[in-house]
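Numbering (my numbering), first residue to last: 1451 to 1798.
Step one of this worksheet: look at the structure below.
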Ligand code: PHE
C-alpha cells in the first residue's frame, strides 16, 4: 500500500510538470485528487484493512493528498509566471529606437501646379471660378459664338453624352467665361482651371487634359492689359524674369481679334540651343513656344450674356496646363501623369 501511494504521488508530480496550462493542471487534479480520482479509491479501500494499517495508511494518504494539493497551487503559480515571461519576450520593445516615419501622400504634380497658378493670378487680383465638366452644348459652344456647323463640334473632337441630350464633356474651360458673366456684372477678373476632354491621344495629347482660362471684363479693358497679364504670368510660371512673350494673329470664334501667345522657350531661353550647343528639342530650335490662345472678348459674346459691348470690353485667354508641367519637370509623355504609378508620382 505504501509503495502504491508513493508511486501514485510520483506519477502525479510528473504529470503536473507536463501540464502547460491551468486547464491541464485541473485535469491532473481531477484525475488524481477528484471525487472519483485514484486517491479516493485508496481511501475507499481503507475500510477493508486491519485497524493498524487503516490508521497509518489513512494518515499517509491524507498527508500525501495535502502535499499534492499544495503542489497544484505551486504549479499554477509557475505557469502564470511562465506566461508573463513569454509575454515580456513577445511584447518587448526598445523605446529608444527612432519611430518609423509614416508615408504621407502629397499633391499630384498637376494639382500642385494648379495651386501655384492660382497664387500667381491671385496676386494680380484674379478670383477663382468653377464650372461643370459635363457641360451643356449651349455653354460649351453656342454662347461662345461657335455655330452648329463649326468643325470643332465634329464627332472627332467632342465627346457627346448619349443619354443626356445636348450635353458634352466640355472641350474647353471657356464655358466658365459665360457662366461667370451670366452670374455677375462687370468688373470681372477670374481664372478657372480644370479637366477638359477631346478625342485625342498621343505622347503630348490625352483625351482628358487640363486647361486654365482667364477672363477680365470692365470699362476700358484693353489689349495692353492682356499683354501685361500674359507677360507677367509666363515669367512667374517658368520662374524666369527673362521670359518674353509675343502675340500672333489667330482665330477663335469667341474673341476678336484673336491671338496665339508665344513665350521664349524656357529650356533654351530663346537661344534655340542649350549652353553646350545641343539643339533645343522642345522649341525645335526656333526659341519660341506656342503657349496660349487669347483675344478680346467678342462683342457677340458680351451681348449673349446681356452686357453692352459699347460700355464694357474684356480679354480672355486659355491654355493647356499639362504641357507646362511636362516642360517644367522635363517629362516626355503625358500619360505618365495619369497612370498612377507611384514610382513616377513620388518623384515630385
Ligand atoms: N478655349 C480655347 C481652346 O481651347 C483657348 C482660348 C481661350 C482662346 C480664351 C482664346 C480665349 O483652344
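We put the CB at the ideal spot given by N, CA and C, even for glycine.
This one's a predicted model, so the numbers in the text were calculated from it and none came from an experiment.
If you check the CB distance, residue 1547 and residue 1581 do not come in under 8 Å. DSSP places residue 1707 inside the beta strand (DSSP E), whose first and last residues are 1705-1714. Per DSSP, the beta bridge partners of residue 1763 are 1668. Within the chosen limit of 7 Å, the ligand PHE does not reach the beta carbon of residue 1656 with any heavy atom. Distances taken from the Cβ of residue 1755 to the heavy atoms of the ligand PHE include none shorter than 7 Å. Counted as a single uninterrupted DSSP element, the stretch harbouring residue 1624 is not any alpha helix (DSSP H), since DSSP gives it neither H nor E. In the DSSP assignment, residue 1647 falls outside any alpha helix (DSSP H) and lies within the beta strand (DSSP E) extending over 1638-1647. Residue range 1738-1747 is occupied by the beta strand (DSSP E) that includes residue 1743.
The Cβ-Cβ distance between residue 1777 and residue 1732 falls below 8 Å. With fewer than 16 other Cβ atoms inside 10 Å of its own Cβ, residue 1701 counts as exposed. Residue 1660 and residue 1715 have their alpha carbons spaced roughly 21 Å apart. Closest by C-alpha distance to residue 1770, out of 1508, 1635, 1643, is 1643. Taken from the Cβ of residue 1750, every heavy atom of the ligand PHE lies 7 Å or farther away. Within the same chain, 1628, 1754 come within 6 Å of residue 1593 by CB-CB distance, once the 5 residues on both sides are set aside. Boundaries cannot be given for residue 1798, as no beta strand (DSSP E) includes it and DSSP labels it neither H nor E. Within the chosen limit of 7 Å, the ligand PHE does not reach the beta carbon of residue 1609 with any heavy atom. Two segments are said to touch when three or more pairs of C-beta atoms, one from each, lie closer than 8 Å; by this definition the segment 1781-1788 touches the segment 1643-1655.
Taking a C-beta distance under 8 Å as the contact criterion, residue 1570 and residue 1735 do not qualify as a contact pair. Non-local beta-carbon contacts of residue 1563 in its own chain, meaning distances under 8 Å to residues more than five positions away in sequence, involve 1771, 1774, 1775, 1778 in chain order.
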